[in-house]
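Asks:
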Amino acid sequence: IINEFDRNVPRICGVCGDKATGFHFNAMTCEGCKGFFRRSMKRKASFTCPFNGSCTITKDNRRHCQACRLKRCLDIGMMKECELLASMTHLRTRRRGRRRSPGFQRSSAASLIRSWMHITKPMTIPTPTSHASE
Numbered sequence: 024i025i026n027e028f029d030r031n032v033p034r035i036c037g038v039c040g041d042k043a044t045g046f047h048f049n050a051m052t053c054e055g056c057k058g059f060f061r062r063s064m065k066r067k068a069s070f071t072c073p074f075n076g077s078c079t080i081t082k083d084n085r086r087h088c089q090a091c092r093l094k095r096c097l098d099i100g101m102m103k104e105c106e107l108l109a110s111m112t113h114l115r116t117r118r119r120g121r122r123r124s125p126g127f128q129r130s131s132a133a134s135l136i137r138s139w140m141h142i143t144k145p146m147t148i149p150t151p152t153s154h155a156s157e
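Shown next, in the form of structure tokens:
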């Protein structure tokens, strides 16, 4: 298994040759190709190459032929099955960002527990007292 953070792995997009930002959908890609693949899978897009599928995809011409770009994405191993995982990761990243935003105050674990215990405190129901024999 290739570690995403391995410094020996070349950070070059396997689709277009641009600078890669990491593994996306199971392949080392740039942000542009990651987004293109995600949108293509989401839309279930069907593209047709005007040049019989023989386009070479580069950073400079990657927008010219969507059919060959998508074919290249699939050829390097990008998998649509990774879309759900990517969505979950994106949501997790957005949540982390909110925590760091100004004005957000984190409650201590102890105060959260105290609040929870106060809310969920069981009600005490008065029980009839036993009268001493009269």
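Residue numbering for the sequence shown follows my numbering, beginning at 24 and increasing consecutively. We put the beta carbon where it would ideally sit given N, CA and C, even for glycine. From a predicted model like this one, the values you see are computed outputs, not experimental measurements.
Please determine, among ILE35, HIS87 and ARG66, the residue with the shortest C-alpha to C-alpha distance to MET51.
Replies: Answer by Cα proximity: ILE35.
Asks: What does a CB cutoff of less than 6 Å around HIS47 pick up in its chain, not counting 5 residues either side in sequence?
Replies: Closer than 6 Å at the Cβ level, and outside the excluded window around HIS47, lie LYS57.
Asks: If we call anything under 8 Å between Cβ atoms a contact, is LYS82 one with ASP41?
Replies: In this structure, ASP41 lies closer than 8 Å to LYS82 by Cβ.
Asks: Ordered along the chain, which non-local residues of its own chain (more than five positions away) have a Cβ less than 7 Å from that of ASN31?
Replies: None.
Asks: Restricting to Cα atoms, I'd like to know which of CYS53, LEU93 and SER77 is closest to LYS65.
Replies: Here the closest residue by C-alpha is LEU93.
Asks: VAL38 and ARG95: beta carbons closer than 8 Å?
Replies: Contact: yes.
Asks: Please classify MET64: does DSSP put it in a helix, a strand, or coil?
Replies: Note: MET64 maps to helix in three-state DSSP.
Asks: Could you give the DSSP three-state label for GLY76: helix, strand or coil?
Replies: Correct three-state label for GLY76: coil.
Asks: Would you give the residue range spanned by the beta strand (DSSP E) that ALA43 belongs to?
Replies: Unbroken run through ALA43: none, as it is neither H nor E.
Asks: Looking only at its own chain, which residues have a Cβ that is under 6 Å from the Cβ of PHE60, when we skip the five neighbours before and after it?
Replies: These residues qualify, in order along the chain: PHE48, CYS96 and MET101.
Asks: Skipping 5 residues on each side, what residues in its chain have a beta carbon closer than 6 Å to that of SER130?
Replies: Residue placement at SER130 cannot be trusted, given a pLDDT of 47 that sits under 50; the coordinates are not used to answer.
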